[in-house]
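Before any comments, here is the structure.
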Amino acid sequence: MGEFPIALFAWLENTPIALWVRETLWAFPLSIIVHAWAMALLVGISLLLALGALGVAPRLLLPLAEKSKPVIWTAFLLSLISGVLLLLAYPAKALTNEVFYLKLVLIGVALTLDLSVVNQCKNLSPQHEAVLPARLRLRGVGILLAWFGAIAAGRLLAYTYSVLTVT
Amino acid sequence: MGDPALEDLLLAFSERTGIQAIMLFTPWGWPTVEILHFTGLCLLFGTIGFFDLRVLGWAKRIPLNALHRLVPIGVAGFCLNAITGAMFLTSDPDQYLYNPAVQTKAALLLLAGVNMGLFYWLASRELLALGPGEPSPPRARFFTLVSLLAWTGVIACGRLITFYRPPYNWCFWC
Numbered sequence: 000m001g002e003f004p005i006a007l008f009a010w011l012e013n014t015p016i017a018l019w020v021r022e023t024l025w026a027f028p029l030s031i032i033v034h035a036w037a038m039a040l041l042v043g044i045s046l047l048l049a050l051g052a053l054g055v056a057p058r059l060l061l062p063l064a065e066k067s068k069p070v071i072w073t074a075f076l077l078s079l080i081s082g083v084l085l086l087l088a089y090p091a092k093a094l095t096n097e098v099f100y101l102k103l104v105l106i107g108v109a110l111t112l113d114l115s116v117v118n119q120c121k122n123l124s125p126q127h128e129a130v131l132p133a134r135l136r137l138r139g140v141g142i143l144l145a146w147f148g149a150i151a152a153g154r155l156l157a158y159t160y161s162v163l164t165v166t
Numbered sequence: 000m001g002d003p004a005l006e007d008l009l010l011a012f013s014e015r016t017g018i019q020a021i022m023l024f025t026p027w028g029w030p031t032v033e034i035l036h037f038t039g040l041c042l043l044f045g046t047i048g049f050f051d052l053r054v055l056g057w058a059k060r061i062p063l064n065a066l067h068r069l070v071p072i073g074v075a076g077f078c079l080n081a082i083t084g085a086m087f088l089t090s091d092p093d094q095y096l097y098n099p100a101v102q103t104k105a106a107l108l109l110l111a112g113v114n115m116g117l118f119y120w121l122a123s124r125e126l127l128a129l130g131p132g133e134p135s136p137p138r139a140r141f142f143t144l145v146s147l148l149a150w151t152g153v154i155a156c157g158r159l160i161t162f163y164r165p166p167y168n169w170c171f172w173c
């Protein structure tokens, strides 16, 4: 484990917004609820994209891909905003934990694969759906591994932290 | 709402089946079961939640039957969460039994279950027989809206379980 800028974390956790999240009755639980709703939407639609790309759900993939992007981006934005608020409340707790960076990398990979499937579908016609290209199936597997890995990493954050400078 | 007898019964079950030993006396038991619980949530919402959204008017070009075929995945997610949920509950009952977030969650689960039964009894046949592009009948819209609200409420209550012990600031029946 390298050296972490603890002074920066200490400054972050004393910013007005961090204090607001920690000390307002509803800010923290509301953030965590929105984070869970956004996860349900984002992993939910990714699950559908993956099942479509794997050929498990015939006739789903092309019309789904057409309508996926606004859902993906809305859910991502919600999880980003709620996630940043949760992070600001206890910055040292997450930022000193390698698992947190693993979670971010997995989310990055998962989102990239989601968007790649959506974009590849633009070049597919309904006849292609009977035999989906291998690269699409591979991305389907990747989406499932990356998103469920991100969920696992996210849950483990509550058990693997070692630094807590505020309570 | 207090029931020490029920608490003892749940604890005895957890002890006798070895669930408690895994959940409380290994470092990996509780986190692993939590990961599975969140995984089940996504399986359930990804299939049933998006079926509901589709019936309510989202992505009308997706054939309803294509999404409806995935409902068994949602049911599998529900079963996973019923099992993992029971593992939490029986290992540490007093954290849950008297918690208003759990009580609300249980009520919403019951609502979701009854609503699903009514949907299949009263609305599914008409809905799934629709041709492409035909608008969903009002009855189907009603049941899917209730389903969506119940499941989003279940998720919210699940996340509230670890807050406000005791939750006197919002629980009006405690």
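Chains as they are written, first to last, in numbering that gives the first Met the number 0: chain B, 0 to 166; chain U, 0 to 173.
Backbone N, C-alpha and C fix where the C-beta goes; we use that ideal spot for every residue, glycine too.
Judged by DSSP in its simplified three-state form, Trp150(U) adopts helix. Its Cα nearest to that of Thr161(U), the residue Pro99(U) stands out among Pro99(U), Leu42(U), Val32(U) and Leu69(U). Less than 8 Å divides the Cβ of Gly148(B) from the Cβ of Leu105(B). Rounded to the nearest angstrom, the gap between the Cα atoms of Leu87(B) and Glu65(B) is 35 Å. CA-to-CA, the gap between Gly107(B) and Cys173(U) works out to about 43 Å. Residues of chain B whose Cβ lies closer than 8 Å to the Cβ of Cys78(U) do not exist, since the nearest Cβ in that chain is about 16 Å away. Burial state of Thr83(U) is buried, judged by a 10 Å Cβ sphere holding 16 or more other Cβ atoms. Straight through space, the alpha carbons of Leu50(B) and Thr46(U) are spaced by roughly 10 Å. For Ser81(B), the enclosing alpha helix (DSSP H) begins and ends at Leu60 to Ala88. With contacts defined by Cβ atoms closer than 8 Å, Ile44(B) and Ser67(B) form a contacting pair.
Among the CB atoms of chain B, none fall inside 8 Å of the CB of Glu6(U). By the criterion of at least three beta-carbon pairs nearer than 8 Å, the region 1-11 of chain B is in contact with the region 89-104 of chain B. Scanning Ser81(B), Leu84(B) and Trp72(B) for the CA closest to the CA of Thr111(B) turns up Trp72(B). Val54(U) sits close to Thr143(U), with the two beta carbons spaced by under 8 Å. If you compare the alpha carbons of Ser30(B), Tyr89(B) and Ala74(B) with that of Leu7(B), the shortest gap goes to Tyr89(B). Here the alpha carbon of Leu123(B) sits roughly 50 Å from the alpha carbon of Leu24(B). Look at Trp57(U) here: in three-state DSSP terms it is coil, with no helix or strand label. Across the structure, Ala106(U) and Leu29(B) are spaced so that their CA atoms are roughly 21 Å apart.
Taking a contact as a CB-CB distance under 8 Å, the pair Val98(B) and Ala152(B) counts as one, their CB atoms being some 5 Å apart. Neighbourhood of Gly132(U) in chain B, by CB distance below 7 Å: empty, with the nearest CB roughly 11 Å away. Each of Ile150(B), Val55(B) and Val162(B) was checked against the Cα of Met38(B), and the nearest Cα belongs to Ile150(B). Spatial neighbours of Leu147(U) in its own chain (CB-CB distance under 6 Å, excluding positions within 5 residues in sequence) are listed in chain order as Asp51. Cβ-Cβ distances below 7 Å link Gly157(U) to Lys104 in the same chain, with the five nearest sequence neighbours on each side left out; the list follows chain order. Boundaries of the alpha helix (DSSP H) harbouring Thr103(U): Pro99 to Leu121, taken from the DSSP string. Put simply, the CB of Gly43(B) is near chain U, with a gap under 8 Å to one of its CB atoms. Neighbours of Ile31(B) across chain U, judged by C-beta separation under 7 Å: Arg158.
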